[in-house]
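Residue numbers (this note's numbering): 8 to 500.
Here a beta-carbon is modelled for each residue, glycine too, at the ideal position from N, C-alpha and C.
Notes for the one structure printed next.
Right, dumping it as structure tokens:
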């Protein structure tokens with residue numbers, strides 16, 4: 008029996024790489040290979056060696072092939088979706104000059120503030136890039152590098168985002184896509200190109216940057232002989248431009264021009280992220296007005312403190328993450344790594360409302376509530392940026408698509424459901440970032456729209472549908488009141 012035509016979608020995240028093998032004809036997931044990353048740093052620093060990402064990609068693909076039992080020659084295309092915003096600087100041979108600065112490295116907060124003012128304030132940035140510089144944006148990290156490691160900045164022969172670095176290793180071509188590029192701080196979503204004035208402001212030569220492909224599904228080259236040997240795949244197969252992890256998850260969910268528009272998805276992972284595909288170009292300082300991988304836009308808001316922060320609180324309390332109860336009078340804002348939305352890069356965790364009868368379980372529940380309210384406030388901002396009233400009945404009736412590791416946890420689902428008052432859909436298809444990347448790879452190899460393709464792959468009967476419950480407005484108002492009153496004096500706003 009002949010082997011199916013297989014594509015590989017790679018999800019290179021903060022903590023690990025996953026390589027998912029997909030039957031391009033049916034969307035069936037054939038195998039998943041995994042390999043870990045190493046993240047180092049303290050006191051705001053978060054770094055990772057890009058060479059570890061490449062080795063993890065090779066190991067994950069090998070593990071996936073072994074699990075599937077398929078020969079490498081069955082694979083027809085590959086695409087990478089990567090963690091956004093990281094800064095990779097390369098020498099002339101394409102080797103990293105230093106560890107990459109990751110998206111959650113907050114040392115670049117002062118540079119972000121200085122850049123914002125240098126261009127004339129938040130409105131000037133959103134008009135050009137769709138986003139205001141914060142510590143996570145790549146431009147802020149480049150400025151930090153210029154000031155704190157000037158030798159690496161001066162020696163850089165290439166500047167890449169994480170997924171760009173891996174795509175270049177696959178195809179030998181320096182390429183990116185509009186989606187991931189739009190998170191750099193030097194790409195204009197208004198013009199669809201790098202912004203010369205911003206590059207001048209940053210002291211960054213455009214020649215150091217990869218070419219921007221039209222979409223994440225564009226075939227930017229073929230797998231090189233060296234990469235083929237490292238991966239156990241045939242040389243010459245299609246390599247797509249790929250994209251950022253959030254853009255790829257949107258493709259995997261069927262969000263885009265050939266799918267659902269203005270329907271929010273909420274990803275509960277290390278970060279809490281809410282996004283929606285839209286034909287409206289967003290320009291709100293409260294959001295990142297990204298481009299999508301398919302030619303639409305992807306307004307997005309991201310919080311730094313989500314599942315990892317709540318897990319830390321659970322560990323401090325000696326509790327299992329599911330052993331939580333609603334927080335009662337306690338309010339806990341688990342801003343353990345500073346915060347991005349709202350923009351409070353120097354914030355730390357804040358606890359108030361503690362009583363004699365407060366239990367450990369309530370304290371953990373308060374951490375869930377603090378993290379959930381933060382990302383749900385961002386959801387309302389996103390819907391407003393799409394030109395919608397988040398409280399309008401027809402908008403409130405649109406389900407939140409809940410994804411990420413937290414979507415598999417009972418307490419996360421119950422907390423989001425209670426505090427949002429919205430219906431929830433938990434997609435049955437796992438590994439959405441890798442699934443979206445596989446759709447990009449399939450489009451690069453065989454043509455067609457990746458969002459439409461991913462939609463045909465979806466098996467909606469496996470989705471978990473949860474009707475709305477009455478919104479817990481008392482807890483919502485208590486948490487938001489503390490957040491608004493504490494932002495200046497206690498959280499560093």
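Asked	Found
Where residue 43 falls, given that 16 or more other Cβ within 10 Å makes a residue buried	exposed
Classification of residue 111 by the beta-carbon crowding that lies within 10 angstroms, buried from 16 upward	buried
With 16 other Cβ atoms within 10 Å as the buried cut-off, status of residue 363	exposed
Spatial distance of residue 118 from residue 38 (CA atoms)	43 Å
Nearest to residue 369 (by Cα), restricted to the options 351, 337, 352, 349	337
Burial state of residue 301, where buried means 16 or more other Cβ atoms lie within 10 Å	buried
Where the alpha helix (DSSP H) through residue 41 begins and ends	Unbroken run through residue 41 is the beta strand (DSSP E), 36 to 43; no alpha helix (DSSP H).
Beta-carbon gap between residue 348 and residue 293 smaller than 9 Å	yes
Where residue 252 falls, given that 16 or more other Cβ within 10 Å makes a residue buried	buried
Residues near residue 80 by beta carbon distance below 6 Å, same chain, minus five either side	241
First and last residue of the uninterrupted alpha helix (DSSP H) at residue 157	157 to 162
With 16 other Cβ atoms within 10 Å as the buried cut-off, status of residue 488	exposed
CB contact flag (residue 87, residue 173, <9 Å)	yes
Inter-stretch contact at 8 Å, needing at least 3 Cβ pairs: the stretch 264 to 272 / the stretch 315 to 330	no
Among 398, 150, 396, 142, nearest to residue 116 - alpha-carbon criterion	142
Residue 366 - partner residues in DSSP beta bridges	Note: residue 366 sits in no beta bridge, so no partner.
Where residue 295 falls, given that 16 or more other Cβ within 10 Å makes a residue buried	buried
Three or more C-beta pairs below 8 Å linking the stretch 441 to 451 and the stretch 411 to 420	no
Residue 281 burial status per 10 Å Cβ neighbour count (16 or more: buried)	buried
Strand pairing of residue 339, partner residues [DSSP]	358
The stretch 64 to 84 contacting the stretch 12 to 26, beta-carbon criterion three pairs below 8 Å	yes
Cβ neighbour criterion (16 or more within 10 Å) applied to residue 466	exposed
Inter-residue Cα distance where the pair is residue 320 and residue 288	38 Å
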